[in-house]
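Here the structure comes first, spelled out in structure tokens, and everything after it is commentary.
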Amino acid sequence: MSSITIPSHLDAAHPADIARWAAEQFGVDQLVVTASFEDAVLVHVAATAVPGIEIVLLDTQYLFAETQWFAQQLRQRLDLNLRVEHPAAHVVPDNLWQTDTNACCDVRKVQPLARAIAGKGAWITGVRRVDGPTRANTPIAAYDVGRGLVKVNPLAAFTDDDMALYESLYELPKNPLSERGYPSIGCWPCTRPVAPGEDKRAGRWSGSDKTECGLHV
Numbered sequence: 000m001s002s003i004t005i006p007s008h009l010d011a012a013h014p015a016d017i018a019r020w021a022a023e024q025f026g027v028d029q030l031v032v033t034a035s036f037e038d039a040v041l042v043h044v045a046a047t048a049v050p051g052i053e054i055v056l057l058d059t060q061y062l063f064a065e066t067q068w069f070a071q072q073l074r075q076r077l078d079l080n081l082r083v084e085h086p087a088a089h090v091v092p093d094n095l096w097q098t099d100t101n102a103c104c105d106v107r108k109v110q111p112l113a114r115a116i117a118g119k120g121a122w123i124t125g126v127r128r129v130d131g132p133t134r135a136n137t138p139i140a141a142y143d144v145g146r147g148l149v150k151v152n153p154l155a156a157f158t159d160d161d162m163a164l165y166e167s168l169y170e171l172p173k174n175p176l177s178e179r180g181y182p183s184i185g186c187w188p189c190t191r192p193v194a195p196g197e198d199k200r201a202g203r204w205s206g207s208d209k210t211e212c213g214l215h216v
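Residue numbers (numbering that gives the first Met the number 0): 0 to 216.
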């Protein structure tokens with residue numbers, strides 16, 4: 000599957016059309032969407048374009064209560080085929096986030112992701128180019144050599160204005176934290192509100208040089 004041809008027209012396609020293309024290429028059973036539930040756009044795109052598509056929430060044991068609530072609200076409202084992927088049974092809440100954030104992300108995000116996408120042909124994410132320098136060149140779709148499947152990013156070209164317009168058009172609810180100074184939402188120990196003028200991901204792993212959890216690198 001590494002030789003798959005990504006149609007050039009996808010670069011300017013609507014996110015829903017990109018999701019439908021993935022379904023046509025791989026079949027619904029071979030697709031998995033991972034969503035952080037920072038907002039409702041990705042899950043709305045996926046669930047309306049490809050009804051029944053599997054959507055996975057990685058429960059790190061440290062999700063904000065608001066994020067968990069928001070996921071369940073959207074599950075009911077959009078009739079999501081939602082699966083919650085937990086860390087391995089031996090992983091319990093601890094203080095690893097205080098001493099080794101990379102190791103913490105590995106056991107709570109990277110390893111659960113590997114289980115979630117195992118055997119799938121394509122993985123759909125909400126990564127956007129405007130999210131930061133490390134994501135500026137995100138393709139709409141490309142073969143992920145390390146994980147052995149095609150990674151599809153329907154929202155890659157969406158700006159913040161595009162996201163706001165989409166939310167308005169479809170009257171989508173917001174994660175309560177987004178209106179409390181959290182433009183980027185991760186785990187509660189490693190996420191803080193962002194001050195006016197700061198980069199929207201400045202609140203993630205604040206005070207360190209860490210910018211990614213390992214899912215998209």
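For glycine and all other residues, C-beta sits at the position ideal for the given N, C-alpha and C.
Comparing alpha carbon positions, the residue from Pro188, Ser205, Pro86 closest to Lys108 is Pro86. Excluding its 5 nearest sequence neighbours in each direction, Pro192 has C-beta neighbours in its own chain below 7 Å: Arg179, Gly180, Tyr181, Gly202, listed in chain order. Annotation: Glu166 to Ala39 spans about 8 Å, alpha carbon to alpha carbon.
Its Cα nearest to that of Val32, the residue Ile123 stands out among Lys199, Ile123, Gly131, Asp159. Sorting Ile52, Ala22, Thr100, Ile139 by C-alpha distance to the C-alpha of Arg82 places Ile52 at the top. Just so you know, the alpha carbons of Leu56 and Ala34 end up roughly 6 Å apart. Judged by their CB atoms, Ala48 and Arg19 are nearer to each other than the 8 Å cut-off.
Contact holds between the segment 170-177 and the segment 58-77, because three or more Cβ pairs, one in each stretch, are under 8 Å apart. For Arg74, the uninterrupted alpha helix (DSSP H) segment begins and ends at 64-77. Per the C-alpha coordinates, the member of Val126, Ala163, Val129, Gly147 positioned closest to Gln29 is Gly147. The Cβ atoms of Ile5 and Ile139 lie closer than 8 Å to each other.
The beta carbon of Gln60 lies closer than 6 Å to those of Pro92 in the same chain, with the five residues before and after it left out. Taking 8 Å as the cut-off, the Cβ atoms of Ala121 and Ala21 count as close. The Cβ atoms of Leu79 and Val42 sit closer than 8 Å to each other.
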